[in-house]
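Numbers 1 to 578, taken from UniProt numbering, label the letters of the sequence shown in order.
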Amino acid sequence: MSPMDVFGVVYIIENAQQFWSELEDILHIPDRLTLDRLDATLRRFVSFCAAYHEQYLQSPLQMEHAYDLLLASELLAFHSERMSDILLDDARNATDPHLQLILYSVLLVYGRQNMSFLRSQKRWQPLLPLLMDNVVLDVDPGVEDTYSGLVTGSSSGGQAATAVPIEAKLRSLSVRLLYEVCRVQKLSLPELEIFSDTFIDYLFELVEQTRHMQDETFNYSVIKLIVALNEQFMVASLPSHPPHVHGKPAFEHKKSEKADGENRVLRVLMARQGSSMTFGENMIFMLNRADRTPEDLCMQLLVLKLLYLLFTTEGMSEYFYTNDLRVLVDVFLREIGNIDEDNESLRHTYLRVLHPLLTKTQLRTMPYKRAQVIRTLESLVENETIHDIDPTTKRLVARCLSGDWCVQFRKTLGVGAPPRVDSPSSVMSEPHGMAAYAERARSGSIRGKNYKASRSAENLLNLGHARGPSQGRHGPLDGLRQPSADSTSSLPKAATTSAPTSAVSRRRDRAGSSPTEPDSPVSLLSSSSSSTLSAKPRRTPPPPPKRRKPPAVPVARSGLSALTASQPSLTELLPKGR
């Protein structure tokens, strides 16, 4: 239908201003207009946009503005049911691709604002085959961006602006419409028969073909359609019991072989396991880039359900590369900690998927950030006396912490299962963290209880030998001298223990001569201790104290007085002339 023959008016549009002015005039509804004239006004709007969309509706913003004018008009404000039926009827019967493009676009915009319109299966069921036909259209793979009109492979080596084929626009729009319908409707297994294995396989192949597109919008749209179809097959394969049993969601129930066989998305992906790696990689990218918008929150739930299915299905648990799984752990750590209380169900889904992610995939034998995972999980259930903890959150956290990876990790740290590991409260309240670890290293508990003492005596002995021949008259006892004049009663004890100490020091020097591991707390503590001790001999010795008059020797005390008289005083051992 041409815009010139609705009311017998011929349009001559020369610029954008005339286009938008005429579009507003079309949507101006005069008083006492009959229903037939209302129907004709809607069709006139669609035909006018279809005739000039390549000139004046090239960008998404221009298209959005035109459709906002229609949604704000009296046509859909007061006659929405009648107008929506006309749009669906014309979309089923239209053969002009330009007319189909405008009709599908209006249906998509109106459906996103009115979910009840998308939920009507009786209305949409006849349109689904037509949308699927547009998806499988052959489009030049060189066509890049659906809206910007950029293609690669130009003669200049760069990117040249060109008109995007109408087939590419229809394909992208049909994928988005199918996703919206599958997202909000609940289809039965007979109704899902229309999505054959061939069609689903083509969707996976389309993801691989469009992985190099500069604009990833279309690639992500196809992935969202796949995960929405997976949700449909999962729900349709469940028995007729309620969706939640004993606090567990439907997708967490034990799967049967029949259910797995009825899920065509899983069946096709298993057959394409080695040729659909882009699908898995981009699913992780979509989770990583998701915002807090309602659309992205819904997408996260759908992707997480497919991830849970892959991790718990035999033969698909190692579908992802190990590096992709590590990125996935980083995403989980960020999202679990940042999700607000209004989206508690999304956090529960992340926790449900986290358990098989750490116990079923390669990460069960290749640890990655286990301490951070434990700390994040325990932060969700700590401070229960201050605020209420959701019972489902407590149950899911307990399940994750009961995994073999967590038990083994705590055993390697020498920590029992009941105490928390690396939780913020334990780090702040308990003195048995890194400070206690460093204290044990300083006291010699890592390399032996007397490790520091033997090193100290060894350095002091070396200090006595390093003073040269001019200071040779000062023995090893001189290294034990205190800055003040101590009592000479300690000299016999030091004289009797000097020889064993040096022997023990030599033995300990040989026993502890093996180097420690690089960058370990032991090596850091040992190196700092040895550097401090080795720096002491180079310091200038303090000046000797002033000579004091020795005390009188009692005549009646024979034992201690004889020993005191036979030993030189401490001041006589000091070097003269200093």
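Ideal placement from N, C-alpha and C gives every residue a C-beta, glycine not left out.
Keep in mind it's a predicted model, so treat the numbers as computed, not measured.
- Beta-carbon proximity check, residue 194 vs residue 128, cutoff 8 Å: Locating residue 194 in the sequence shown gives position 194, counting from the first residue. Locating residue 128 in the sequence shown gives position 128, counting from the first residue. Yes, the pair counts as a contact, with Cβ atoms nearer than the cut-off.
* Enclosing alpha helix (DSSP H) for residue 214 [first to last residue] -> Position 214 of the sequence shown, counted from the start, is the residue given in the question as residue 214. Element bounds for residue 214: n/a, residue is neither H nor E.
Query raised in the report: Can you tell which of 105, 86, 95 has its C-alpha closest to the C-alpha of residue 63?
Result: Along the sequence shown, one-based indexing puts residue 63 at 63. Of the residues 105, 86, 95, the one whose Cα lies closest to the Cα of residue 63 is 105.
Just verifying my parser: in three-state terms, what is the DSSP assignment at residue 195? For the purposes of this step, residue 195 is taken as the residue at position 195 of the sequence shown. Here residue 195 sits in coil by DSSP.
task: Between the Cα of residue 74 and those of 41, 61, 132, spot the shortest distance and give me the residue it belongs to.
output: By one-based count along the sequence shown, residue 74 stands at place 74. Cα-wise, what sits closest to residue 74 is 41.
I need the straight-line Cα distance from residue 158 to residue 96, nearest angstrom please.
Working through the sequence shown from its first residue, we reach residue 158 at position 158. Working through the sequence shown from its first residue, we reach residue 96 at position 96. In this prediction, residue 158 scores a pLDDT of 40, lower than 50, which makes its location untrustworthy; the coordinate-derived value is nonetheless stated afterwards. The alpha-carbon separation between residue 158 and residue 96 amounts to approximately 33 Å.
Checklist line | Exposure of residue 12, with buried meaning 16 or more beta-carbon neighbours within 10 Å | finding: Indexing the sequence shown from 1 puts residue 12 at position 12. Exposed: under 16 other Cβ atoms inside 10 Å.
Below 6 Å CB to CB, which residues in the same chain sit around residue 370 once its five sequence neighbours on both sides are set aside? For the purposes of this step, residue 370 is taken as residue 370 along the sequence shown, with counting starting at 1. Apart from the 5 residues on each side of it in sequence, residue 370 sits with its Cβ closer than 6 Å to the Cβ of 409 in its chain, given in chain order.
_Three-state secondary structure (DSSP) of residue 118_ = For the purposes of this step, residue 118 is taken as residue 118 along the sequence shown, with counting starting at 1. Here residue 118 sits in helix by DSSP.
Residue-level contact to chain D via CB, residue 339, 8 Å cutoff | No chain D appears in the structure shown, which is made up of a single protein chain.
Considering only the alpha carbon of each residue, which of 214, 87, 99, 392 lies closest to residue 582? Residue 582 lies beyond the stretch modelled for the chain, which goes from 1 to 578, so this question has no answer here.
Looking at the structure shown, is residue 16 part of a helix, part of a strand, or coil, going by DSSP? By one-based count along the sequence shown, residue 16 stands at place 16. Three-state DSSP puts residue 16 in a helix.
Local conformation of residue 218 per DSSP, three classes: Numbered from 1 along the sequence shown, position 218 holds the residue referred to as residue 218. For residue 218, the secondary structure class from DSSP, reduced to helix, strand or coil, is helix.
Can you check which of these residues, 239, 353, 231, is closest to residue 265 by C-alpha distance? Here the question's residue 265 lines up with position 265 in the sequence shown. When C-alpha distances from residue 265 are compared across 239, 353, 231, the shortest belongs to 231.
| query | Can you tell me the Cα-Cα spacing of residue 350 and residue 404, whole angstroms? | reply | Translated into the one-based positions of the sequence shown, residue 350 becomes position 350. Translated into the one-based positions of the sequence shown, residue 404 becomes position 404. About 19 Å.
### Task
Using only alpha-carbon positions, find the residue among 376, 358, 167 that is nearest to residue 98.
To locate residue 98, count along the sequence shown from 1; it is residue 98. When only C-alpha atoms are compared, the closest one is 167.
Item to complete: Taking residue 209 as the reference, give the member of 165, 270, 279, 227 with the closest Cα.
Response: As a working note, residue 209 is residue 209 in the sequence shown. Nearest C-alpha to residue 209: 279.
*Helix, strand or coil for residue 277 per DSSP?*
Against the sequence shown, residue 277 aligns to sequence position 277. DSSP, reduced to helix, strand and coil, places residue 277 within a helical segment of the structure shown.
(message) Do residue 325 and residue 359 have their beta-carbon atoms positioned less than 8 Å apart in this structure?
(response) Walking along the sequence shown from the start, residue 359 turns up at place 359. Walking along the sequence shown from the start, residue 325 turns up at place 325. Not in contact: residue 359 and residue 325 (Cβ atoms no closer than 8 Å).
**OP:** Check whether the Cβ atoms of residue 100 and residue 170 lie closer than 8 Å to each other.
**Re:** As a working note, residue 100 is residue 100 in the sequence shown. As a working note, residue 170 is residue 170 in the sequence shown. Taking the C-beta atoms as reference points, residue 170 is found nearer than 8 Å to residue 100.
| said: So, at 6 Å on beta carbons, what are the nonlocal neighbours of residue 56 in its own chain, with the 5 sequence-adjacent residues on each side left out? | reply: Translated into the one-based positions of the sequence shown, residue 56 becomes position 56. Non-local C-beta neighbours of residue 56 in its own chain, meaning closer than 6 Å and more than five positions away in sequence, comprise 16, 19, ordered along the chain.
Checklist entry - What's the gap between the Cα of residue 504 and the Cα of residue 412? => result Sequence index remark: in the sequence shown, residue 504 carries index 504 (1-based). Sequence index remark: in the sequence shown, residue 412 carries index 412 (1-based). Low confidence applies here, because residue 504 scores a pLDDT of 40, under 50, leaving its location unreliable; read the following figure in that light. Cα to Cα, the separation comes out at about 33 Å.
Problem set entry | residue 337: first and last residue of the uninterrupted alpha helix (DSSP H) it sits in | To locate residue 337, count along the sequence shown from 1; it is residue 337. Note, residue 337: alpha helix (DSSP H), 322–338.
* To do: May I ask you to report which of helix, strand or coil DSSP gives residue 315?
  => Here residue 315 refers to the residue found at position 315 of the sequence shown. Coil at residue 315, not helix or strand.
**OP:** With distances taken Cα to Cα, identify the nearest neighbour of residue 65 among 109, 39, 94, 33.
**Re:** Translated into the one-based positions of the sequence shown, residue 65 becomes position 65. Nearest neighbour of residue 65 by Cα position, chosen from 109, 39, 94, 33, turns out to be 109.
Can the beta-carbon of residue 377 be found less than 8 Å from the beta-carbon of residue 346?
-> For this step, residue 377 is matched to residue 377 along the sequence shown. For this step, residue 346 is matched to residue 346 along the sequence shown. A distance of 8 Å or more separates the beta carbons of residue 377 and residue 346.
Checklist entry - Going along the chain, which residues of its own chain have a beta-carbon closer than 8 Å to the beta-carbon of residue 180, five neighbours each way excluded? => result As a working mapping, residue 180 is identified with position 180 in the sequence shown. Around residue 180, the same chain offers 108, 111, 112, 118 as residues with beta carbons nearer than 8 Å, after the five sequence neighbours per side are excluded.
- Query: Measuring CB to CB, does residue 87 end up less than 8 Å from residue 103?
  - Reply: Within the sequence shown, residue 87 is the residue found at index 87, counting from 1. Within the sequence shown, residue 103 is the residue found at index 103, counting from 1. Taking a C-beta distance under 8 Å as the contact criterion, residue 87 and residue 103 qualify as a contact pair.
Going by C-alpha to C-alpha distance, which of 213, 302, 383, 31 sits closest to residue 182?
On the sequence shown, position 182 is the one that residue 182 refers to. Ranking the options by Cα distance to residue 182, first place goes to 302.
**Prompt:** Which one of 310, 338, 81, 165 has the shortest CA to CA distance from residue 53?
**Reply:** The sequence position of residue 53 within the sequence shown is 53, counting from 1. Minimum Cα-Cα distance from residue 53 among the listed residues 310, 338, 81, 165 corresponds to 165.
Check: So which of 116, 115, 50, 125 has the shortest CA-CA distance to residue 94?
Finding: Within the sequence shown, the letter at position 94 stands for residue 94. The candidate whose alpha carbon is nearest that of residue 94 is 50.
### Query
Can you name, in chain order, every residue of its own chain whose Cβ lies under 6 Å from the Cβ of residue 310, other than the five neighbours on each side?
For the purposes of this step, residue 310 is taken as the residue at position 310 of the sequence shown. Same-chain partners within the cutoff: 316, 319.
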